[in-house]
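**Q** This structure is in C-alpha cells; I'll ask about it shortly.
There are 2 protein chains.
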Amino acid sequence: MGKAANKCIGIIGATGAVGMEMVGALYGLGFAPKAVRLFASARSAGKQIPTPFGELTIEEFSVSAAQECDIVLMAVSGGFATEHAETIAQKSVVIDNSSAFRYRDDIPLVIPEINPQAAVGASLIANPNCTTAIAAVALWPLHQAFGIKRAIISTYQAASGAGSPGMDELETGIRAWSRGDDIQASTFQHPLPFNVIPHIDSFQANGYTREEMKVTWETRKIFGLPELPISCTAVRIPTLRAHAETITIETLSPVTTASARAALENAPGIEVVDDTSANFYPMPLTATGKYDVEVGRIRQNPVFGNHGLDIFVCGDQLLKGAALNAVQIAELLLD
Amino acid sequence: MGKAANKCIGIIGATGAVGMEMVGALYGLGFAPKAVRLFASARSAGKQIPTPFGELTIEEFSVSAAQECDIVLMAVSGGFATEHAETIAQKSVVIDNSSAFRYRDDIPLVIPEINPQAAVGASLIANPNCTTAIAAVALWPLHQAFGIKRAIISTYQAASGAGSPGMDELETGIRAWSRGDDIQASTFQHPLPFNVIPHIDSFQANGYTREEMKVTWETRKIFGLPELPISCTAVRIPTLRAHAETITIETLSPVTTASARAALENAPGIEVVDDTSANFYPMPLTATGKYDVEVGRIRQNPVFGNHGLDIFVCGDQLLKGAALNAVQIAELLLD
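Protein chains in written order, with the numbering used here: chain Z, 78 to 412; chain D, 78 to 412.
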C-alpha cells in the first residue's frame, strides 16, 4: 500500500512555484494519498491542472475545506499564514512554508535530517527559509563531527526565491536584453539580468537584511544552539532556481578535508560533488531538480589554522529549500 | 602641458578587453603623451581603430618597437609576458598585467593607493589580479584603522575576467537561450548563463584554485604582511564586467559601522555606496565603467564580537581590476 494511502493531503497556494513543487515532491517521495486537494484563490478556482496524481481541479480556499484534509501544506504569504494556519491546525496537521511561525517558541521549525524529534505531536510545524535549509543540511554533520565554533555564509540566490514572479522577471529581462530593449524591474529592487543585488527582504536596524538574519535565527533554533555565532550576506544573482552558498566555519576540534568529506558523505540529504580533476563541484546547472544538496570545494581554511573549513553548497531552492523539506516533514508525521 | 607630454606610451595586447580599456584609462586620467602606440599580433596589424587619442593603427609587436616607448603597458598572457617583458624592460619601463612576475621578490606588485613607494626606481612592475585589487583598496583603510587579524572573501566574478572571449561567450549563450537553442561552453568549463561556476584558474594541491590563492599571495605582498590570514572562494557568475565580493574581517582593535564608514569614506579609490533606505549598495549595474570601487553593506559582524566587520564591494574588473590600476602605476612613475 502506498505512503499515506488513508490520508487526504491539501496544498494551499497550489498554483505558485512552491505549491506546484509540493505536488511533485509528494509523488517523488512515494506518497499515494487517498486524495490530493489543491487550494488557491477564487481567481484560479475551477482550473484543471495536470499533476503526477492525474488532472486535478483547483478549489477555492476556505478554512473548512482545508480542515477536511489530514495534512495541509501551506505555500502562501506570511500574512495569509498568520491569518489562517492556527485555525486550520485545530483540525488538521499544518506545515507552513512562510516565516510567520518560525520564530515562535511553541512552534517547531524542522529539517527532518536534523531535528525530526521536534515535530513529534505538533499540529503546526514551520518549514525553514530556503537559504537556511540548504546550508543547515551541510553544516549539521560537520557540527556533529567537529563542533561549529562560528560560521560565515555568503549566498548566490536564484530568482525563484521570489517565486514565479521572480523567475518570470529574470526571463523577461533576459529576453528584453536579447532584443536590445530596456530591462524592467518590479519584483526585484533593480534589474537582475547581468547584475548582483545584495538585498533580499527588508533591512534591519543592525544593517543585515531579514533574509540574512533568518539564517542566524533559524539555524540556531533548528540546531538547538541559541548562541551559535553564524552570519550571512544574502545576494541575489541572475540564476533561475538553485541557491549556491560559500560557507566558512571555524570548528571546535581539528578538521581535515578527508575527515570533513567522510562526515558529509555519510550524512543524509547531501551529495558530495567534489572531484575538481573532473571539474565536478556544486552548480545550479546540476543541482536544479535534485533532492539532495550538492556539497563540494571542501578545503581546509588556514585562516583558522587546522580548525578552519571552506565548503561550497548548491541546492534547489524550490525543493530542499522549500517544497521537498515540507513534504519530508509530512513523511515524518506518518511514521 | 598634458600629462606625459614628452613620453611615448606603448600598449601590448591592445586589441584585447584590457588593452582597449588601458587606452581609455590613459585618456581618462588626463594623459596627453607624445605618442600612443598599440601593439598586437600580426593578425591585427594594420587595423585602424578609433580611440580617444584619434584613430590609431595597430602595429605588429616586436621587442625593438616596444623598446622605442618610454612606458609599456602589457595586457598579454603570462607566457608572452615571461618571454618578453624583461627584455623590453632593459630599455623601457614595463607594467605587466599578467601574473607572470607578481610573486617574484625582486619585482614590485603595486596598487598606487596602498604601496606606491614599491614602484620607485623599478623598470618592471606587476599589476595585481583583478579580485585582489578590488578587495585590497577597501581592505587597506580598514587595516590602517583597525588592523586586520583575518579576512574571508567570497567573489561574484564577471565574464570579463576571461577577457573578450568570456564576455562574448556569456552574451552568445544568453542569446542562444532566448532563441531556445543549447548553450555552448568553451572559454568557461560549463555553460555560464543562469549558472554559477566555483572554478576560476587551475586547482592547486590544497584544493584552492590559483585565482583564490592569488588573493592570498598578492594581498600579503602588497600590504607587506607575509603571514596575513586571508582566504578566498572565487566564483564565476553570469555578469559581464564588474566583480562583486563579500568580505568578512576580524579586526585587532574594536570596530563599529560608523568608524569603519569613516575610514572608508576618507580613503582614495573608494566610493561608499551604503544607503539601504534608498536601496543604494554596490552592484555591477552601477560599478561598471566607474574608476572607484563601490563599498557598502557595512555591518558589524557579531560572529567576531565587536571585532567583526562585513562589507560588500563591487569594482569594474577591467578598470581598477586591470587597466586603470596599470595606468595609475604609469602615472606614479611620471611624478
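C-beta: ideal position from N, C-alpha, C; glycine also.
All of these numbers come straight from a predicted model, not from anything done at the bench.
Taking 7 Å as the CB-CB limit, is Thr249/D close to chain Z?
**A** No - not a single Cβ of chain Z is within 7 Å of the one on Thr249/D.
**Q** Please list, in chain order, the chain Z residues whose beta carbon lies closer than 9 Å to that of Leu362/D.
**A** Neighbours of Leu362/D on chain Z, chain order: His267, Pro268, Phe271, Asn272, Val273 and Ile274.
**Q** Any beta-carbon of chain Z closer than 7 Å to the one on Arg252/D?
**A** With 7 Å as the cut-off, Arg252/D counts as an interface residue toward chain Z.
**Q** Using a C-beta cutoff of 7 Å, does Ala321/D count as contacting chain Z?
**A** Output row for Ala321/D: interface = yes.
**Q** For a quick check, are the C-beta atoms of Thr310/D and Thr333/Z less than 7 Å apart?
**A** For Thr310/D and Thr333/Z, no; Cβs fall outside 7 Å.
**Q** Is the shortest distance between the beta-carbon of Asp278/D and the beta-carbons of chain Z less than 7 Å?
**A** So, not an interface residue.
**Q** At the 7 Å Cβ level, is Asn378/Z part of the contact set with chain D, yes or no?
**A** Taking Cβ atoms only, chain D reaches closer than 7 Å to Asn378/Z, which makes this a yes.
**Q** At least one CB of chain Z closer than 7 Å to the CB of Arg297/D: is that the case?
**A** No, Arg297/D lies away from the interface with chain Z (no Cβ there is under 7 Å from its Cβ).
**Q** Whole beta strand (DSSP E) runs in the stretch 275-333 of chain Z with 3 or more residues, listed along the chain?
**A** Whole beta strand (DSSP E) segments, 3+ residues: 307-310 and 319-328.
**Q** DSSP three-state call for Gly43/Z: helix, strand or coil?
**A** Residue coverage of chain Z in this structure runs from 78 to 412, which leaves residue 43/Z outside it and unanswerable.
**Q** Under the assumption that Glu288/Z contacts Ile277/Z (Cβ atoms under 8 Å), give the Cβ distance between them as a whole number of angstroms.
**A** 4 Å between Cβ atoms; contact.
**Q** DSSP has Glu25/D in a bridge; who is on the other side?
**A** Missing from the structure shown is residue 25/D; chain D here goes from 78 to 412 and no further.
**Q** Got a sec, what are the start and stop residues for the beta strand (DSSP E) Val170/Z sits in?
**A** It spans Val170 to Asp173 - the beta strand (DSSP E) in which Val170/Z sits, taken as one unbroken run.
**Q** On the three-state DSSP scale, how would you describe Asp245/D?
**A** Residue state, collapsed to three classes: helix.
**Q** If contacts are defined as beta-carbon pairs under 8 Å, then Ala212/Z and Ile230/Z qualify, I think. What distance do you get, rounded to the angstrom?
**A** Right, their Cβ atoms sit about 6 Å apart.
**Q** Flag this pair as yes or no: are the beta carbons of Gly201/D and Ala143/D separated by less than 7 Å?
**A** In the sequence as presented, Gly is not what sits at residue 201/D; that position holds Leu. Not in contact: Leu201/D and Ala143/D (Cβ atoms no closer than 7 Å).
**Q** Whose CA, out of Ala239/D, His220/D, Met290/D and Gly366/D, lies closest to the CA of Ala344/D?
**A** It is His220/D whose Cα lies nearest to the Cα of Ala344/D.
**Q** Excluding five sequence neighbours on each side, which residues of the same chain lie with their C-beta closer than 8 Å to the C-beta of Glu342/Z?
**A** For Glu342/Z, where only same-chain residues beyond five positions count, the Cβ hits under 8 Å are Val349.
**Q** Name the chain Z residues whose beta carbon is nearer than 8 Å to that of Asn356/D?
**A** Correct list: Gln266, His267 and His276.
**Q** Buried or exposed, going by whether 16 or more other CB atoms sit within 10 Å of the CB of Leu411/Z?
**A** Leu411/Z is exposed by the Cβ-count criterion.
**Q** Could you pull out every residue in the same chain whose Cβ sits closer than 7 Å to the Cβ of Gly155/D, ignoring the five residues on either side in sequence?
**A** Excluding residues within five positions, the ones whose Cβ falls inside 7 Å are Ser175, Ser176 and Ala177.
**Q** Around the C-beta of Val197/Z, are 16 or more other C-beta atoms found within 10 angstroms, so that it is buried, or is it exposed?
**A** Exposed, since its Cβ has fewer than 16 Cβ neighbours within 10 Å.
**Q** Residues of the stretch 317-343 of chain Z with a CB closer than 7 Å to any CB of chain D: list them in chain order, please.
**A** Listed in sequence order: Leu317, Ala321, Thr323, Thr325 and Thr334.
**Q** Report the neighbours of Thr209/Z on chain D: residues whose CB is nearer than 8 Å to its CB, in chain order.
**A** What Thr209/Z touches in chain D: nothing, since even the nearest Cβ is about 16 Å away.
**Q** Check for me: the beta strand (DSSP E) holding Cys391/D runs from which residue to which?
**A** Taken as a continuous stretch (DSSP letters only), the beta strand (DSSP E) holding Cys391/D covers Gly385 to Asp393.
**Q** Measuring CA to CA, which of Ala94/D, Ala109/D, Asn204/D and Thr293/D is closest to Lys80/D?
**A** Per the Cα distances, Ala109/D.
**Q** Under 8 Å, CB to CB, which of the residues in the stretch 214-242 of chain Z have a partner in chain D?
**A** If the cut-off is 8 Å between Cβ atoms, the stretch 214-242 of chain Z has Arg227, Ala228, Ile229, Ser231 and Tyr233 near chain D.
**Q** Here's a check: name, in chain order, each residue in its chain whose Cβ is nearer than 6 Å to the Cβ of Asp351/Z, leaving out the five neighbours to either side.
**A** Gly373 and Ile375.
**Q** Exposed or buried, Gly250/Z, counting other C-beta atoms within 10 Å across all chains shown (16 or more means buried)?
**A** It is buried - the Cβ of Gly250/Z has at least 16 other Cβ atoms within 10 Å.
**Q** Tell me, please, whether the CB atom of Ser59/Z is closer than 7 Å to any CB atom in chain D?
**A** There is simply no residue 59/Z to check, as chain Z begins at 78 and stops at 412 in what is shown.
**Q** Determine which residues share a DSSP beta bridge with Tyr233/Z and list them.
**A** BP columns for Tyr233/Z point to Ala321/Z.
**Q** Cβ of Phe138/Z within 7 Å of Cβ of Phe116/Z?
**A** Cβ distance < 7 Å, so Phe138/Z and Phe116/Z count as in contact.
**Q** Examine chain D for any beta-carbon lying closer than 7 Å to the beta-carbon of Ser255/Z, and answer yes or no.
**A** Answer yes: the Cβ-Cβ gap between Ser255/Z and chain D drops below 7 Å somewhere.
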